[in-house]
Amino acid sequence: MKIYYDLHIHSALSPCGGEDMTPNNIVNMALLKGLDLISLTDHNHILNLRPTEALAREKGLFFLPGIEIHTLEDVHVLCYFEELETIEDFFKTLEPLIPQQPHQGGKFGHQRILGRRDDHLGDFPLSLLLPLAIDLKHLGKLVAAHDGLFVPAHIHRQSYGILSQLGFLPEDLTCHALENPAGDTPQGIPILTSSDAHFLGNISERDHFIEVEERSLRGIFKALKEGTS
94 MKIYYDLHIH
104 SALSPCGGED
114 MTPNNIVNMA
124 LLKGLDLISL
134 TDHNHILNLR
144 PTEALAREKG
154 LFFLPGIEIH
164 TLEDVHVLCY
174 FEELETIEDF
184 FKTLEPLIPQ
194 QPHQGGKFGH
204 QRILGRRDDH
214 LGDFPLSLLL
224 PLAIDLKHLG
234 KLVAAHDGLF
244 VPAHIHRQSY
254 GILSQLGFLP
264 EDLTCHALEN
274 PAGDTPQGIP
284 ILTSSDAHFL
294 GNISERDHFI
304 EVEERSLRGI
314 FKALKEGTS
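With positions in the sequence shown counted from 1, the corresponding number in our numbering is that position plus 93.
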């Protein structure tokens with residue numbers, strides 16, 4: 094069975110995300126695009142996951158809890174988990190690693206915390222644009238300890254791509270997939286193609302799919318973990 098997806102979407106919590114990137118707008122746009130599965134992957138935080146997950150489930154859309162981590166190497170990594178409770182437990186270790194740098198919303202974009210009705214609950218006060226105090230090796234171990242998926246984002250992009258930043262993929266790094274290649278990629282690692290949408294119109298069309306044996310979130314997670322996408 095084919096599951097059409099976009100696994101890299103930012104809400105208005107990400108300072109570079111449009112202010113119309115609210116839980117309801119994201120879920121409804123994904124449905125309009127004909128998608129079966131989405132993931133919300135905000136920069137360095139998970140505050141808008143719960144309302145978006147609740148709305149997706151209510152409307153019959155599969156939702157994979159995720160986050161995009163900015164590491165000390167200036168690399169962006171997408172981390173996915175099967176359960177919302179698991180990513181919340183995972184994030185407890187990361188939250189103290191957020192730099193204590195106040196965010197300048199007027200200059201760099203607001204960091205909106207949103208509710209299920211898209212109500213504005215406040216702004217996250219610390220900058221989510223800076224790297225967390227964790228490197229790739231330790232992030233990989235933390236993801237593995239929580240049975241998650243480790244996926245370097247936009248790997249060839251000049252800014253924050255693992256291959257453009259390091260020039261190679263570390264041998265001791267277990268990657269379940271690589272995202273959005275624009276050139277040569279290491280053999281044997283599955284590829285995911287997602288939008289990195291910061292605005293509603295950028296959410297993927299019904300173009301990319303994962304092959305699954307079971308049409309369920311468990312089946313989707315199993316396919317991604319076993320590299321059968």
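Note that CB positions come from ideal geometry on N, CA and C, so glycine has one too. Values in this document were obtained by computation on a predicted structure and should not be read as measured data.
Since residue i and residue j are thought to touch, with beta carbons under 8 Å apart, how far apart are those beta carbons, to the nearest angstrom?
{"i": "residue 116", "j": "residue 216", "result": "Not a contact, Cβ separation roughly 16 Å."}
{"i": "residue 285", "j": "residue 133", "result": "Their Cβ separation, rounded to whole angstroms, is 15 Å, which puts residue 285 and residue 133 out of contact at 8 Å."}
{"i": "residue 180", "j": "residue 142", "result": "7 Å"}
{"i": "residue 239", "j": "residue 182", "result": "7 Å"}
Per DSSP, what kind of secondary structure is residue i in: helix, strand or coil?
{"i": "residue 187", "result": "helix"}
{"i": "residue 62", "result": "Outside the displayed range of the chain (94 to 322) lies residue 62, so it cannot be described from this structure."}
{"i": "residue 409", "result": "Outside the shown range of the chain, which is 94 to 322, sits residue 409, and nothing can be said about it."}
{"i": "residue 227", "result": "coil"}
{"i": "residue 221", "result": "coil"}
{"i": "residue 205", "result": "strand"}
{"i": "residue 302", "result": "strand"}
{"i": "residue 322", "result": "With a pLDDT of only 43 at residue 322, under 50, the local geometry of the prediction cannot be trusted, and the value read off the model is given with reservation. Three-state result, residue 322: coil."}
{"i": "residue 100", "result": "strand"}
For residue i, which residues in the same chain have their Cβ closer than 6 Å to its Cβ, ignoring the five residues on either side in sequence?
{"i": "residue 136", "result": "107, 161 and 221"}
{"i": "residue 226", "result": "190"}
{"i": "residue 97", "result": "128, 129, 299 and 302"}
{"i": "residue 121", "result": "none"}
{"i": "residue 305", "result": "94, 96, 312, 313 and 316"}
{"i": "residue 297", "result": "99 and 288"}
{"i": "residue 322", "result": "Reliability fails at residue 322, whose pLDDT of 43 lies under 50, so the model's placement of it is uncertain and the value that follows must be treated cautiously. Result list for residue 322: 283, 303 and 316, in chain order."}
{"i": "residue 203", "result": "216"}
{"i": "residue 165", "result": "224 and 228"}
Do residue j and residue i have their beta-carbon atoms positioned less than 7 Å apart in this structure?
{"i": "residue 139", "j": "residue 184", "result": "yes"}
{"i": "residue 224", "j": "residue 163", "result": "yes"}
{"i": "residue 110", "j": "residue 247", "result": "no"}
{"i": "residue 144", "j": "residue 209", "result": "yes"}
{"i": "residue 173", "j": "residue 232", "result": "no"}
{"i": "residue 274", "j": "residue 262", "result": "no"}
{"i": "residue 105", "j": "residue 112", "result": "yes"}
Residues in its own chain within less than 7 Å of residue i by CB, not counting five upstream and five downstream?
{"i": "residue 295", "result": "288"}
{"i": "residue 167", "result": "224, 253 and 258"}
Just to confirm my understanding: we take residue i, look at its own chain, exclude 5 residues before and 5 after, and list those with CB closer than 8 Å. What are they?
{"i": "residue 213", "result": "205, 206 and 207"}
{"i": "residue 267", "result": "233, 237 and 243"}
Can you list the alpha helix (DSSP H) stretches of 4 or more residues lying completely in the region 111 to 171, in chain order? 116 to 125 and 142 to 151
Would you list, in sequence order, the uninterrupted alpha helix (DSSP H) runs of no fewer than 4 residues that lie entirely inside the region 236 to 296? 255 to 259
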